[in-house]
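The numbering of the sequence shown is this note's numbering, which starts it at 333 and goes up by one.
First the structure, in the form of structure tokens, and then the observations on it.
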Amino acid sequence: GRLESAWPVHGSIMILDDTAYFAAGRSTFLDGGIAVFGLDPATGTMKHSRIMQGPYEDDTRSFPIQASGTFQLEGCKADIFSCAGNELFMRNQAFKPNLEPIVSESVKTLHLLASPGFLNDSPQHRTYWTVDRDLRYGGAMGTFGAGPAGDTIAFDGKLFYEIRGYAPGRNLPGRGRDADPLELYFVYSGSYGGIGGKEDKSAIPAMGKWQQRWTTPTPFAGHAIAAAENTVMAAGVPMLKGYSVEDTNASYAGEKGGIAWLLDAEDGHQLQELRFDAAPVWDGIAIAHGSYFVCLKDGSVVCLSAR
333 GRLESAWPVH
343 GSIMILDDTA
353 YFAAGRSTFL
363 DGGIAVFGLD
373 PATGTMKHSR
383 IMQGPYEDDT
393 RSFPIQASGT
403 FQLEGCKADI
413 FSCAGNELFM
423 RNQAFKPNLE
433 PIVSESVKTL
443 HLLASPGFLN
453 DSPQHRTYWT
463 VDRDLRYGGA
473 MGTFGAGPAG
483 DTIAFDGKLF
493 YEIRGYAPGR
503 NLPGRGRDAD
513 PLELYFVYSG
523 SYGGIGGKED
533 KSAIPAMGKW
543 QQRWTTPTPF
553 AGHAIAAAEN
563 TVMAAGVPML
573 KGYSVEDTNA
583 SYAGEKGGIA
593 WLLDAEDGHQ
603 LQELRFDAAP
613 VWDGIAIAHG
623 SYFVCLKDGS
633 VVCLSAR
């Protein structure tokens, strides 16, 4: 057995304006729910806090977390915070800066969403990241346009770049069921052209006007992506021609190292290929001071710079 906290805290703390936000807990239905906090980052003084529980029928303890669509369940699991505009988000729950809950129907701000949670490192055909106001599941989920719906996404408010390997619906006829497994991996880029029009609840994403820019096949299953002004870096584990089922499984397990491609942000053509002895960490690329930093599963960090 292993001793664990009933209210674990994720290591990624989000700071918005002058407040640091984080959550402690696993689920609103377990161990007293999830506690969300807003602290002064300089002193640690608590500025805002709430306990998310339930919802339970006819129970005043219940935090108003609502299922907003088909195949969605009430309640919420913990995740790291994100923000867009003046709203905070944790999975399917939105908050005001004082952590007052916002009902999902009132959310109109497009923001980055991850159906399995931002820290889940095992994408499959029923998980996806997108830029929308809410997540969609089931029913007509097979409708995909030029908008974001990949394994992980870099989005600057106008342009997006995403890893696609297990795109949602990839198991449906015409979406890869009969394709070579080693031809399913690519980096996809598109642009956002404003809200406009009526929300299409049969599509992913359901809101926004999107246009495809370019698509670049890759010889790896992507784990991380980051975009600078003129370049994009995507990294993952090798998926090379000639790989057997055993090779593929070993690569997914991180036993065959990692590959990173540096791409031109304008048209997606490959500028450089890099090989690593260890697999990249999920969503493990950062950009700072003109350099890319890639975190690897052996505990090392690789700094890549043009200088």
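A virtual CB, placed ideally from N, CA and C, is assigned to each residue, including glycine.
Taking residue i as the reference, give the member of the options with the closest Cα.
i	options	result
residue 604	567, 545 and 407	567
residue 441	431, 550 and 540	540
residue 452	559, 410, 519 and 628	410
residue 375	346, 387 and 351	351
residue 364	408, 342 and 371	408
residue 486	542, 382, 557 and 548	557
residue 565	583, 574 and 593	593
residue 387	602, 406 and 524	406
residue 547	531, 571 and 597	597
residue 600	569, 521 and 591	521
residue 349	342, 370, 359 and 575	370
residue 373	381, 355, 346 and 382	346
residue 526	536, 542 and 532	542
Leaving aside the five residues before and after residue i along the sequence, list all residues of the same chain whose C-beta is less than 7 Å from its C-beta, in chain order.
i	result
residue 506	Confidence at residue 506 is low in this model, with a pLDDT of 43, below 50, so its placement is unreliable and the value that follows should be read with caution. No residues qualify anywhere along the chain.
residue 465	439, 440, 441, 442 and 539
So, helix, strand or coil for residue i, using DSSP?
i	result
residue 580	helix
residue 438	helix
residue 494	strand
residue 412	coil
residue 483	coil
residue 590	strand
residue 375	coil
residue 516	coil
residue 574	coil
residue 607	strand
residue 422	strand
residue 358	coil
residue 548	strand
residue 451	coil
residue 335	coil
residue 370	strand
residue 307	Shown here, the chain extends from 333 to 639; a query on residue 307 therefore has no answer.
residue 682	Missing from the structure shown is residue 682; the chain here goes from 333 to 639 and no further.
Tell me the DSSP bridge mates of residue i?
i	result
residue 602	595
residue 569	553
residue 585	Partner(s): none; residue 585 has no beta bridge.
residue 560	Note: residue 560 sits in no beta bridge, so no partner.
residue 523	491 and 543
residue 348	351
residue 612	628
Residue i and residue j: beta carbons closer than 8 Å?
i	j	result
residue 538	residue 458	no
residue 595	residue 563	yes
residue 297	residue 412	Nothing about residue 297 can be reported from this structure: the residues present for the chain run from 333 to 639 only.
residue 462	residue 554	no
residue 589	residue 609	yes
residue 425	residue 478	no
residue 637	residue 622	yes
residue 482	residue 460	yes
residue 433	residue 420	no
residue 342	residue 361	no
Using C-beta distances below 6 Å, list every residue in its chain close to residue i, excluding the 5 sequence neighbours before and after it, in chain order.
i	result
residue 480	462, 463, 492 and 494
residue 560	619
residue 627	613, 616 and 633
residue 611	569, 586, 590 and 629
Apart from the five residues just before and just after residue i, which ones in its own chain have a Cβ nearer than 8 Å to its Cβ?
i	result
residue 577	none
residue 357	338, 339, 340, 363, 364, 365, 366, 367, 384 and 410
residue 519	493, 494, 495, 496, 547, 548, 550, 554, 557, 564, 566, 593, 595 and 600
residue 523	490, 491, 492, 542, 543 and 545
Should residue i be flagged as near chain D, meaning a C-beta pair shorter than 8 Å?
i	result
residue 497	The structure shown contains no chain D, having only a single protein chain.
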